[in-house]
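The UniProt record's numbering numbers the first residue of the sequence shown as 1 and each following residue consecutively. Heads up, the beta-carbon is just placed ideally off N, CA and C, and yes, glycines get one too. The block underneath contains the structure these notes are about, expressed in structure tokens.
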Amino acid sequence: MQEKEIISDYLSCINESLACYRGIIAQIENEQLRQTLQDMRNQDEVRQYNLFKKAK
């Protein structure tokens, strides 16, 4: 596998993860858990953007 293909596959996985976070966060009532999941989502968004820049 080429490096760009690996990054592309990983970006796809992160995108799926972000979609899951959106669905879960919308249904969480516990504020502490909600904040933890939002923090995790935000970290994934940063990771996604950094990989996107490298894939260019």
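What is the residue span of the alpha helix (DSSP H) that residue i lies within?
| i | result |
| --- | --- |
| residue 40 | 31 to 55 |
| residue 14 | 3 to 25 |
Assuming residue i contacts residue j (C-beta within less than 8 Å), just tell me the rounded distance between them.
| i | j | result |
| --- | --- | --- |
| residue 40 | residue 21 | 7 Å |
**OP:** May I ask you to verify whether the stretch 33 to 53 touches the stretch 4 to 17, counting CB pairs closer than 8 Å and requiring at least 3?
**Re:** yes
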